[in-house]
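Asks: Next up is a structure, given as structure tokens.
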DNA sequence: TTATCTGCAAAGCCTTTGCACTTAG
DNA sequence: CTAAGTGCAAAGGCTTTGCAGATAA
């Protein structure tokens, strides 16, 4: 079965919290894990509706919340105010390169920048817990 | 008069667009420029209300929009979904160090990181238009 | 059986908009 | 005088919540 380990993580989280495994919830989780990253709750809802026409968007929101709580999803808010989620189990920390024309999002990582961020924080007496970095511009295809 | 140059920028923008200078709007602008950075529309509204008990929050939103359009304010959305604004005329580009305990926000800049961001984008075929970087952690006062 | 899960609709937040009145130019 | 500004309340998006019926353990 696909996503064996992710499902196990979810299940052990559910057990720990005394929660149950609903059928719809599992479908939302599966679609979420199958799908390209950075999806909005509404987009996810639309996809799941193809299999479960009756599924409510509330279930999608509740499931995404659950996935965030157990560490399988991460909320990323790009410019604007709509939340997008990416599944991050098995993915290392990364930052985002966002094309402002076509909307493509590339995940990138630069160890040197990461290191400098730590130094910068330290210089100001901060102890880092996490950070976010997004670079906006035009991708190669969209030119300047 | 304080904020002479900012007011001039605003006025020339208004003239260019054929807009007028309302009294309330000017008060919102003045308070905004006087105030510590990273204020929410609601906080700004509360302060302005002390002088103009009748001012509507709609005017505050409209004024902030106007300030953003003419480049005097910048919207920054930290974790969560409430917009905060900072006035940025005469301020160089900077990033943010946010204390997750006491909420203090420090503006920082690291030329080396800036440079690496450009290189990183270039490596992926992106031409940068802008970027945002926020580092979350605990400040010196709040310890670890 | 019993607490959780779900869909639905209602409620909540923050933000924007329509309207009638006021005011700047 | 005329178009823009303002306050108010209503409307709009996105997200959360309350509730009653369905379902997992």
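Protein chains in written order, with the numbering used here: chain A, 22 to 165; chain B, 22 to 165.
Cβ coordinates follow ideal geometry from the N, Cα and C atoms, glycine included.
Return the chain-ordered ranges of every alpha helix (DSSP H) run that is complete within the stretch 24–91 of chain A and spans a minimum of 4 residues.
Replies: The stretch 24–91 of chain A contains these whole alpha helix (DSSP H) runs: 25–38, 44–55, 62–72 and 78–90.
Asks: Measure from the C-beta of residue 106 of chain B to each C-beta in chain A and report whether the shortest distance is under 8 Å.
Replies: On the second chain, position 85 is the one that residue 106 of chain B refers to. Not an interface residue.
Asks: Whether or not the stretch 83–95 of chain B and the stretch 22–33 of chain B are in contact is what I'm after, with contact meaning three or more pairs of Cβ atoms, one per stretch, closer than 8 Å; do they touch?
Replies: A contact exists between the stretch 22–33 of chain B and the stretch 83–95 of chain B.
Asks: Quick one: what does DSSP say residue 118 of chain B is sitting in, helix, strand or coil?
Replies: In the second chain, counting from the first residue as 1, residue 118 of chain B sits at position 97. If DSSP states are grouped into helix, strand and coil, residue 118 of chain B belongs with the strands.
Asks: If you measure from the beta carbon of residue 86 of chain A to each beta carbon in chain B, is any gap under 8 Å?
Replies: Here the question's residue 86 of chain A lines up with position 65 in the first chain. No, residue 86 of chain A lies away from the interface with chain B (no Cβ there is under 8 Å from its Cβ).
Asks: I'd like the list of long-range same chain contacts for residue 66 of chain B, defined as Cβ closer than 6 Å, with 5 residues on each side in sequence excluded.
Replies: Position 45 of the second chain holds residue 66 of chain B. Once the five neighbours on either side are set aside, the close Cβ partners of residue 66 of chain B are 78 and 81.
Asks: Would you mind working out which of A/150, A/146 and A/158 sits nearest residue 162 of chain B, comparing C-alpha positions?
Replies: Counted from its first residue, the second chain places residue 162 of chain B at position 141. Considering only alpha carbons, the answer is A/146.
Asks: Could I get the ranges of all uninterrupted alpha helix (DSSP H) runs contained in the stretch 115–163 of chain B, with 4 residues as the minimum, in chain order?
Replies: With a minimum length of 4 residues, the continuous alpha helix (DSSP H) runs that stay inside the stretch 115–163 of chain B are 132–144.
Asks: Could you work out which residues of chain B lie near residue 131 of chain A, taking near to mean beta carbons separated by less than 7 Å?
Replies: Counted from its first residue, the first chain places residue 131 of chain A at position 110. Ordered by position in chain B, the residues that pass the 7 Å Cβ test against residue 131 of chain A are 137 and 141.
Asks: Do we get a CB-CB distance below 8 Å when we pair residue 58 of chain B with the residues of chain A?
Replies: The residue labelled residue 58 of chain B in the question sits at position 37 within the second chain. Answer no: the Cβ-Cβ gap between residue 58 of chain B and chain A never drops below 8 Å.
Asks: Which residues, in order along the stretch 140–165 of chain B, keep a beta-carbon less than 7 Å from a beta-carbon of chain A?
Replies: Under the 7 Å Cβ criterion, the stretch 140–165 of chain B contributes 141, 142, 145, 146, 147, 148, 149, 150, 151, 152, 153, 154, 155, 156, 157, 158, 159, 160, 161 and 165.
Asks: Can you list, in chain order, the residues of its chain with a C-beta nearer than 8 Å to that of residue 115 of chain B? Leave out the 5 residues immediately preceding and following it.
Replies: Here the question's residue 115 of chain B lines up with position 94 in the second chain. If we look at residue 115 of chain B and ignore the five residues flanking it on each side, its Cβ neighbours are 128, 129 and 130.
Asks: Identify whether residue 94 of chain B lies in helix, strand or coil by the three-state DSSP scheme.
Replies: Residue numbering aside, residue 94 of chain B sits at position 73 when the second chain is read from its first letter. Reduced to three states, the DSSP call for residue 94 of chain B is strand.
Asks: Using a Cβ-Cβ distance cut-off of 8 Å, determine whether residue 118 of chain A contacts chain B.
Replies: Taking the first chain and counting its residues from 1, the one referred to as residue 118 of chain A is at position 97. So, interface residue.
Asks: Using only the alpha-carbon positions, how far apart do residue 106 of chain A and residue 86 of chain A sit?
Replies: The residue labelled residue 106 of chain A in the question sits at position 85 within the first chain. The residue labelled residue 86 of chain A in the question sits at position 65 within the first chain. The straight-line gap from Cα to Cα measures roughly 10 Å.
Asks: Considering only the alpha carbon of each residue, which of A/125, A/108 and A/98 lies closest to residue 104 of chain B?
Replies: For this step, residue 104 of chain B is matched to residue 83 along the second chain. Looking at the Cα atoms, A/98 is the closest of the given residues.
Asks: Can the beta-carbon of residue 55 of chain A be found less than 8 Å from the beta-carbon of residue 137 of chain B?
Replies: For the purposes of this step, residue 55 of chain A is identified with residue 34 of the first chain, where counting begins at 1. For the purposes of this step, residue 137 of chain B is identified with residue 116 of the second chain, where counting begins at 1. No, Cβ-Cβ distance for residue 55 of chain A and residue 137 of chain B is not below 8 Å.
Asks: At a Cβ threshold of 8 Å, is residue 69 of chain A touching chain B?
Replies: Taking the first chain and counting its residues from 1, one reaches residue 69 of chain A at position 48. Answer no: the Cβ-Cβ gap between residue 69 of chain A and chain B never drops below 8 Å.
Asks: So, is residue 154 of chain B buried or exposed, given that buried needs 16 or more other C-beta atoms within 10 angstroms?
Replies: In the second chain, counting from the first residue as 1, residue 154 of chain B sits at position 133. That one is buried.
Asks: Under 8 Å, do residue 84 of chain B and residue 50 of chain B count as touching if we go by C-beta distance?
Replies: For the purposes of this step, residue 84 of chain B is identified with residue 63 of the second chain, where counting begins at 1. For the purposes of this step, residue 50 of chain B is identified with residue 29 of the second chain, where counting begins at 1. Result yes, Cβ atoms of residue 84 of chain B and residue 50 of chain B sit closer than 8 Å.
Asks: Using only CA atoms, which one of A/142, A/37, A/140 and A/159 lies nearest to residue 143 of chain B?
Replies: Position 122 of the second chain, counting from 1, holds the residue named residue 143 of chain B. Residue 143 of chain B has its Cα closest to that of A/159, out of A/142, A/37, A/140 and A/159.
Asks: Check whether the Cβ atoms of residue 7 of chain B and residue 68 of chain B sit closer than 8 Å, and answer yes or no.
Replies: The structure shown does not extend to residue 7 of chain B, since chain B is modelled only from 22 through 165, so no value can be given for it.
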